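Asker: Oh and the sequence shown: position 92 is 287 in my numbering, straight run, nothing missing.
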Amino acid sequence: MTMSRHRLSRPLGLALMGATLFTLAGALMSPADAVTGCGSACDGKDPNTYVWNGATCGADAVTKSSANEPGGSSNKVELRYSPRCRTAWGRGRSDYTIDVYSYYSSGSRRTSAYSGYNLFVPGSNSNWTAMVNDAGYTARACMTFWSDYDGSDTTCTNKY
196 MTMSRHRLSR PLGLALMGAT LFTLAGALMS PADAVTGCGS ACDGKDPNTY
246 VWNGATCGAD AVTKSSANEP GGSSNKVELR YSPRCRTAWG RGRSDYTIDV
296 YSYYSSGSRR TSAYSGYNLF VPGSNSNWTA MVNDAGYTAR ACMTFWSDYD
346 GSDTTCTNKY
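Now the structure itself:
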């Protein structure tokens with residue numbers, strides 16, 4: 196009987212420990228952090244390695260917009276967004292130049308992360324730009340591809 200009680204209490208203990216850790220992790224982020232994100236401190240950082248309030252900005256990323264290469268190609272550029280960090284970045288195929296642009300509400304460009312900042316994972320077929328602060332701004336991602344026939348072409352996502 197002692198063994199069965201021990202077996203029942205272990206899952207309960209693990210569940211309580213997990214709930215406690217989740218609560219403590221949430222307590223690390225202040226209400227102000229939830230509103231502002233990591234701000235300009237995130238400009239130029241890698242979303243998959245930069246840790247803010249206990250997790251990488253890439254951990255909660257979602258695709259907010261995407262655009263395909265013209266001509267019916269499946270190659271696309273994505274505008275990725277982290278709600279927790281309030282940052283944006285571009286992601287696309289590794290053989291294309293990917294850029295992300297950040298804009299003020301007036302429409303003028305605030306900052307950008309060009310292809311020189313693209314981050315590439317060997318063995319992967321995608322790369323991404325560094326992040327730009329998106330708290331109170333809009334962003335869009337662009338992909339430039341080269342053709343032997345007509346030079347370069349660029350396609351961009353919608354702003355978000």
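Note that the Cβ used here is the ideal one computed from N, Cα and C, for glycine as well. From a predicted model like this one, the values you see are computed outputs, not experimental measurements.
What's the C-alpha gap between D255 and D348?
Answerer: C-alpha separation (whole angstroms): 31 Å.
Asker: Given that a residue counts as buried once 16 or more other Cβ atoms are within 10 Å of its Cβ, and exposed if not, what is N322?
Answerer: So N322 ends up on the buried side.
Asker: Going by the beta-carbon positions, is the gap between T292 and P242 smaller than 8 Å?
Answerer: No, they are not a contact pair.
Asker: Are there 16 or more other CB atoms within 10 angstroms of the CB of Y299, so buried, or fewer, so exposed?
Answerer: Label assigned to Y299: exposed.
Asker: So who's on the other strand from S321, going by DSSP bridges?
Answerer: According to DSSP, which records beta bridges pairwise, S321 is partnered with R288.
Asker: If we ignore side chains and look at the alpha-carbon of each, how far apart do G239 and K354 end up?
Answerer: Cα to Cα, the separation comes out at about 19 Å.
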